[in-house]
Each structure stands twice: as structure tokens, then as C-alpha cells.
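Engineer: Input: one structure, supplied below.
Number of protein chains: 2
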Amino acid sequence: MTQHKRERAKQERAIRTREQLLRAAAEVFDVSGYAGASINRILDRAELTAGAMYFHFKSKEDLARAVILEQATDVHFPRTEPGLQQVLDMTGHLATEIRTNTLLRAGIRLAVDTTEEGLREFAIYDYWVDQFRSELVEAHARGELHPFVDVTAAARLVVASFTGTQIMSQAASNWADLPALIADLWHCLLPAFAPTEVIGRLTIPNDRNGATG
Amino acid sequence: MTQHKRERAKQERAIRTREQLLRAAAEVFDVSGYAGASINRILDRAELTAGAMYFHFKSKEDLARAVILEQATDVHFPRTEPGLQQVLDMTGHLATEIRTNTLLRAGIRLAVDTTEEGLREFAIYDYWVDQFRSELVEAHARGELHPFVDVTAAARLVVASFTGTQIMSQAASNWADLPALIADLWHCLLPAFAPTEVIGRLTIPNDRNGATG
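In order, the protein sequences belong to chains D and X. Sequential numbering of the first sequence, starting at 1, is according to my numbering. Sequential numbering of the second sequence, starting at 214, is according to my numbering.
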């Protein structure tokens with residue numbers, strides 16, 4: 001093995017170790033919350049030593065922050081039509097993804113957990129507001145929105161109502177009804193954003209009535 | 214003291230003890246969350262013995278459930294005009310009350326805490342949905358709403374978007390910006406519920422622009 005190849009193998013191993021730690025941490029936080037999770041449980045699950053961890057993460061808080069901030073990188077949105085349809089599709093995708101994607105679920109749970117001062121990461125809400133805002137700017141450019149819509153306020157409203165709905169859905173059904181609740185939410189919310197003729201052209205994901213608008 | 218008076222004094226003492234326990238529990242849950250709170254801290258703060266507690270509450274979980282379910286009884290909404298104006302005023306009142314009302318704040322925090330299976334009380338969201346639904350039914354009867362508005366879905370949307378906004382506001386500013394954020398939310402959301410001429414007659418509480426609609 002050349003020096004270069006050895007270096008590269010080492011780097012790849014470090015990336016895998018970090019990934020392993022992040023997944024194990026997400027699994028433990030997802031089940032036990034922040035307060036209930038221990039470093040030892042995370043290391044057991046990752047099958048790694050404390051030494052391997054401290055190279056990447058200094059503490060449980062450090063791991064939790066990484067899970068919060070990287071929840072989003074693990075979500076790959078299918079691209080359909082840009083603008084308002086993409087906004088609908090993103091929320092529809094998140095609503096189904098939350099049941100199977102542990103990193104997303106743990107990140108959301110930690111971001112909602114208000115007990116730990118150090119975890120009050122407003123950044124993650126800003127991140128999601130920015131994502132939806134970009135698509136709403138596109139929707140505006142395409143003439144899909146009412147002229148009076150404030151795209152920043154609208155993006156905040158999408159994130160806030162999605163967040164609240166997912167909390168209510170977790171309490172009621174462990175997220176089983178989340179896709180249907182998000183569809184109901186859009187039926188109710190869309191008239192604030194777009195005129196009837198635009199709404200009529202959109203497809204609301206997971207719509208129980210199979211109809212739009 | 215007659216037998217009757219003695220019985221009555223005993224009952225009044227029991228009510229005060231329960232109240233004291235509930236307030237102390239709310240204060241401890243508010244600061245430490247569910248996992249971080251201990252029965253001993255709650256008893257210390259209430260200046261009561263474990264014996265006094267077990268008469269009213271069997272466990273920490275029992276106390277937490279009572280805090281969640283009774284958060285609402287401690288909120289007294291000012292009654293202005295029924296219908297849509299009352300919906301706005303209720304959210305405006307909650308947005309300011311959350312900073313000073315410990316029982317409300319602790320109840321909301323515990324309801325949002327998803328770590329404890331036993332605390333996933335969907336009932337409290339149902340309670341708030343019902344409160345807003347009643348006022349939206351009134352708004353509908355008064356002809357304030359678009360004819361196509363589904364009042365149940367609209368009530369859920371109000372609760373979900375308020376819940377999400379309060380979580381984002383806590384993370385960002387410890388609720389300092391919540392009243393202003395709820396005003397922004399209404400500017401954005403109202404066109405989904407009511408025609409422009411109705412919106413123009415409403416007063417949005419805590420509006421930073423001092424204007425409506």
C-alpha cells in the first residue's frame with residue numbers, strides 16, 4: 001500500500017466511524033430522548049470505543065447537535081414541478097419519511113425537546129424555513145401566489161404548522177395519520193397562498209379524498 | 214367547631230394542598246422537564262410531605278398528567294367579540310400568557326415532551342381544537358368565513374400552527390417574540406378563512422405594524 005492509499009483508507013474509515021456514531025446516537029435519542037440516552041448505550045450500539053468517539057464528538061450534547069443539524073442531509077426530496085407543487089411534495093415526503101428515517105425523527109425530537117438549553121438550536125428551523133422560502137419565491141415568480149403573500153411569513157407558517165401537526169400526530173397515532181393530516185392541512189391552508197384556479201392544478205400528496213383544492 | 218365546620222375546613226385544606234402540589238410540580242417541570250424533575254424537589258418546593266402528596270397523586274407521572282390537563286383551567290380569556298375576533302384574541306392572549314403563567318407553560322412543555330409514553334396525552338390537543346372549533350362555528354354562523362372552510366380542519370390548523378410557532382419562538386427568544394410571530398401568522402393565515410372585507414374589520418392582537426389584514 002502506498003502512503004497515499006493508506007491516508008485515503010484512514011480518511012474513509014474516519015468517515016464511516018462518524019456515520020456509525022451518528023446513526024447509533026439517532027437510534028438511542030429516538031427511543032430514549034436526550035435525558036434518557038447515555039454515551040455508553042450509544043457506544044454499545046455503534047460497537048465503538050470511547051476513544052473512537054472523542055475523535056469526532058466531545059460529548060453527548062455534541063452528538064445531539066450533530067443529529068439535529070444533519071437530520072436534513074438524510075432526506076432526499078423527489079423533484080417534481082418547482083414552486084407550490086414542490087412545497088406540497090416536500091411536506092408530503094417528510095410526513096411519510098418520518099416513520100422510517102431514524103436520523104430525521106431523532107433530529108426532530110431533539111429540536112422539539114426544550115429541556116436542554118444547549119439543544120435549543122433555532123438554526124434547524126431557520127434551515128427548513130429557508131428551504132420552503134426558496135420554493136415559495138419560485139412559486140411567486142411563476143405567478144402561482146396571491147400578490148399579497150409575504151413569502152417569508154408563508155414559509156414560517158408552513159414549518160410551524162407542519163411541526164405542530166407532527167407533534168399532535170405522534171401523540172395520537174405515532175405518526176400513522178400524519179400523511180393524511182398534512183393533506184387536510186393543505187386543503188385548509190392553500191387558499192391563503194394561491195387563487196382557486198392554481199389550487200385546482202395542484203396535487204395534494206396522500207390526499208384521502210384523492211381530490212385536490 | 215361543629216362536625217360540619219370541621220369537615221369543611223378539612224376539605225378546604227385538601228383543595229389547597231392539591232393546588233400547592235400542582236403549582237410546585239408545574240414550577241419544577243417548567244425548569245427541568247419531566248425526566249429532570251424529582252418528587253423530592255417538588256415536595257421541597259411545595260413544603261409538603263410525601264404522605265400529603267400520595268393522598269392526591271400516586272406518582273410523578275400522575276402529577277405531570279394533572280399539569281397537562283389543568284393547564285387550560287388557569288387561563289381566563291378576555292371576551293371581546295365572538296367569532297373570528299375571539300379566535301384571534303385567544304391566540305394573542307395565550308402568546309403573552311405563556312411568559313408569565315407557569316402552569317400553562319409547564320403543561321405545554323410536558324405535552325410537547327415526547328420522551329415519556331405515559332405523557333402522550335392527545336386529549337389536551339383535542340381540548341384546544343374544541344375551544345377554537347366552537348368559536349369558528351360561531352364565526353361561520355355570523356357569515357365571517359369563506360363558505361368552503363372546514364371548521365374542524367381550520368381549528369386543527371390554528372392549534373398546529375400556534376404549537377409550532379411557540380416551539381420556534383422558545384428556541385429563538387424564550388418566547389419574547391411570540392406575540393409578534395402570532396400576529397405575523399394571522400396576517401398570513403386569515404385569507405384562508407375569511408374574505409378581505411371581514412379581515413379589514415378584525416384587530417390582530419400585538420400587531421407590530423398596528424394595522425390589520
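Positions of the beta carbon are idealized from the N, C-alpha and C atoms, including for glycine. None of these values were measured; they are calculated from a predicted model.
Does any C-beta atom of chain X lie closer than 8 Å to the C-beta of residue 125/D?
Structural biologist: The count along the first sequence starts at 1 and reaches residue 125/D at position 125. It does; some Cβ of chain X falls within 8 Å.
Engineer: Over the uninterrupted alpha helix (DSSP H) stretch that includes residue 224/X, give me the two end residues.
Structural biologist: For the purposes of this step, residue 224/X is taken as the residue at position 11 of the second sequence. Note, residue 224/X: alpha helix (DSSP H), 216-249.
Engineer: When every heavy atom of the ligand FAD is checked, does at least one fall within less than 7 Å of the C-beta of residue 398/X?
Structural biologist: Inclusion of the ligand FAD in the displayed structure is not the case, the ligand content being empty and no account of it being possible.
Engineer: Closer than 8 Å, Cβ to Cβ, to anything on chain X: give me those residues from the stretch 154-176 of chain D, in chain order.
Structural biologist: The residues in question are 154, 156, 157, 159, 160, 161, 162, 163, 164, 165, 167, 168, 170, 171, 172.
Engineer: Step through the CB atoms of chain X and report whether any lies within less than 8 Å of the CB of residue 212/D.
Structural biologist: Taking the first residue of the first sequence as 1, we reach residue 212/D at position 212. Unreliable positioning characterises residue 212/D in this predicted model, as indicated by a pLDDT of 42, which lies under 50. The coordinate reading is nonetheless provided below. Taking Cβ atoms only, chain X never reaches closer than 8 Å to residue 212/D, which makes this a no.
Engineer: Who are the neighbours of residue 150/D on chain X, taking C-beta pairs under 9 Å?
Structural biologist: Along the first sequence, read from residue 1 onward, the residue named residue 150/D stands at position 150. Simply 397, 400, 401.
Engineer: Expressed to the nearest angstrom, what Euclidean distance is found between the alpha-carbon atoms of residue 366/X and residue 293/X?
Structural biologist: In the second sequence, the residue the question calls residue 366/X occupies position 153. In the second sequence, the residue the question calls residue 293/X occupies position 80. Distance between the alpha carbons of residue 366/X and residue 293/X is about 24 Å.
Engineer: Which value, in whole angstroms, describes the spacing of the CA atoms of residue 127/D and residue 306/X?
Structural biologist: Taking the first sequence and counting its residues from 1, one reaches residue 127/D at position 127. Taking the second sequence and counting its residues from 1, one reaches residue 306/X at position 93. So the two alpha carbons sit approximately 29 Å from each other.
Engineer: So residue 292/X is in the alpha helix (DSSP H); what residue range does that whole segment cover?
Structural biologist: Counting from 1 along the second sequence, the entry for residue 292/X is found at position 79. Premise fails: residue 292/X is in no alpha helix (DSSP H) and is neither H nor E.
Engineer: Just to confirm before moving on: does the CB-CB distance between residue 110/D and residue 29/D stay below 8 Å?
Structural biologist: Locating residue 110/D in the first sequence gives position 110, counting from the first residue. Locating residue 29/D in the first sequence gives position 29, counting from the first residue. Taking 8 Å as the Cβ cut-off, residue 110/D and residue 29/D qualify as a contacting pair.
Engineer: Counting beta carbon pairs with one atom in the stretch 381-392 of chain X and one in the stretch 355-370 of chain X, are three or more of them shorter than 8 Å?
Structural biologist: In short, these stretches do not touch, since the Cβ pair count stays below three.
Engineer: Any C-beta of chain X within less than 7 Å: which residues of the stretch 85-98 of chain D qualify?
Structural biologist: So the list is empty, because no residue satisfies the distance condition.
Engineer: I need the straight-line Cα distance from residue 369/X to residue 420/X, nearest angstrom please.
Structural biologist: Numbered from its first residue, the second sequence carries residue 369/X at position 156. Numbered from its first residue, the second sequence carries residue 420/X at position 207. Each residue's alpha carbon lies about 23 Å from the other.
Engineer: Taking 8 Å as the CB-CB cut-off, is residue 345/X touching chain D?
Structural biologist: Within the second sequence, residue 345/X is the residue found at index 132, counting from 1. Not one chain D Cβ lies under 8 Å of residue 345/X.
Engineer: Starting from residue 174/D, follow the alpha helix (DSSP H) in both directions and report where the run begins and ends.
Structural biologist: On the first sequence, position 174 is the one that residue 174/D refers to. First-last for residue 174/D: undefined, no H or E at that position.
Engineer: In chain X, which residues lie with their C-beta within 8 Å of the C-beta of residue 51/D?
Structural biologist: Taking the first residue of the first sequence as 1, we reach residue 51/D at position 51. Simply none; closest approach about 29 Å.
Engineer: Along chain X, which residues have their Cβ under 8 Å away from the Cβ of residue 56/D?
Structural biologist: Your numbering for residue 56/D matches position 56 in the first sequence. Ordered by position in chain X, no residue passes the 8 Å Cβ test against residue 56/D, which lies about 25 Å from the chain.
Engineer: Does the Cβ of residue 135/D have 16 or more other Cβ atoms within 10 Å, making it buried, or fewer, making it exposed?
Structural biologist: In the first sequence, counting from the first residue as 1, residue 135/D sits at position 135. Looking at its Cβ environment, which holds 16 or more other Cβ atoms inside 10 Å, residue 135/D is buried.
Engineer: Rank 98/D, 59/D, 55/D by C-alpha distance to the C-alpha of residue 75/D and give the top, closest one.
Structural biologist: If you number the first sequence from 1, residue 75/D lands on position 75. The shortest C-alpha separation from residue 75/D is found at 98/D.
Engineer: Please tell me whether residue 255/X and residue 237/X are closer than 8 Å, where the distance is taken between their beta carbons.
Structural biologist: Position 42 of the second sequence holds residue 255/X. Position 24 of the second sequence holds residue 237/X. Yes; because the gap between Cβ atoms is below 8 Å, this pair is in contact.
Engineer: Looking only at its chain, what residues have a beta carbon closer than 7 Å to the beta carbon of residue 424/X, apart from the 5 residues adjacent to it on each side?
Structural biologist: By 1-based counting over the second sequence, the position of residue 424/X is 211. In this predicted model, residue 424/X has a pLDDT of only 46, less than 50, meaning its place in the structure is not dependable; the value taken from the coordinates is given anyway. No residues qualify anywhere along the chain.
Engineer: Can you give the Cα-Cα distance for residue 53/D and residue 318/X, rounded to whole angstroms?
Structural biologist: As a working mapping, residue 53/D is identified with position 53 in the first sequence. As a working mapping, residue 318/X is identified with position 105 in the second sequence. Distance between the alpha carbons of residue 53/D and residue 318/X: 37 Å.
Engineer: Go ahead and pull the three-state DSSP assignment for residue 359/X.
Structural biologist: Counting from 1 along the second sequence, the entry for residue 359/X is found at position 146. Here residue 359/X sits in coil by DSSP.
Engineer: Taking CB distances under 8 Å as the criterion, tell me whether residue 249/X reaches chain D.
Structural biologist: Numbered from its first residue, the second sequence carries residue 249/X at position 36. Closer than 8 Å: yes.
Engineer: Indicate whether at least one CB of chain X lies closer than 8 Å to the CB of residue 26/D.
Structural biologist: Taking the first sequence and counting its residues from 1, one reaches residue 26/D at position 26. No - not a single Cβ of chain X is within 8 Å of the one on residue 26/D.
Engineer: Near residue 227/X, what residues of its chain come up, given a Cβ to Cβ distance below 8 Å and the 5 sequence neighbours on each side ignored?
Structural biologist: Against the second sequence, residue 227/X aligns to sequence position 14. The answer, listed in chain order, is 268, 269.
Engineer: Indicate the three-state DSSP secondary structure (helix, strand or coil) for residue 203/D in the structure shown.
Structural biologist: For this step, residue 203/D is matched to residue 203 along the first sequence. Coil, per DSSP.
Engineer: Look at residue 71/D and residue 48/D and say whether their C-beta atoms are less than 8 Å apart.
Structural biologist: Here residue 71/D refers to the residue found at position 71 of the first sequence. Here residue 48/D refers to the residue found at position 48 of the first sequence. No, the Cβ-Cβ distance between residue 71/D and residue 48/D is not below 8 Å.
Engineer: Determine whether the Cβ of residue 143/D lies closer than 8 Å to any Cβ atom of chain X.
Structural biologist: Counting from 1 along the first sequence, the entry for residue 143/D is found at position 143. Output row for residue 143/D: interface = no.
Engineer: What in chain X is Cβ-close to residue 192/D, meaning under 7 Å?
Structural biologist: The residue you call residue 192/D lines up with position 192 of the first sequence. Per Cβ cutoff of 7 Å: 401, 402, 404, 405.
Engineer: Please list, in chain order, all residues of the same chain as residue 129/D whose beta carbon is under 6 Å from its beta carbon, the five residues on each side excluded.
Structural biologist: Within the first sequence, the letter at position 129 stands for residue 129/D. Closer than 6 Å at the Cβ level, and outside the excluded window around residue 129/D, lie 155, 156, 159.
Engineer: Going by beta carbon distance, what residues of the same chain come within less than 6 Å of residue 86/D, once the five residues before and after it are set aside?
Structural biologist: If you number the first sequence from 1, residue 86/D lands on position 86. These residues qualify, in order along the chain: 135.
Engineer: So, is the C-beta of residue 140/D closer than 8 Å to a C-beta in chain X?
Structural biologist: Looking up residue 140/D in the first sequence gives position 140. Cβ-Cβ to chain X under 8 Å: no for residue 140/D.
Engineer: Does the separation of the CB atoms of residue 88/D and residue 167/D fall below 8 Å?
Structural biologist: Position 88 of the first sequence, counted from the start, is the residue given in the question as residue 88/D. Position 167 of the first sequence, counted from the start, is the residue given in the question as residue 167/D. Contact flag unset, no.
Engineer: Relative to the alpha-carbon of residue 392/X, which residue among 404/X, 275/X, 378/X, 271/X has its alpha-carbon at the smallest distance?
Structural biologist: Translated into positions along the second sequence, residue 392/X becomes position 179. Among 404/X, 275/X, 378/X, 271/X, the Cα nearest to that of residue 392/X belongs to 378/X.
Engineer: Given that residue 4/D touches chain X, what residues does it touch there, using C-beta distances under 7 Å?
Structural biologist: By 1-based counting over the first sequence, the position of residue 4/D is 4. Within 7 Å Cβ-Cβ: nothing; residue 4/D doesn't reach chain X, min ~45 Å.
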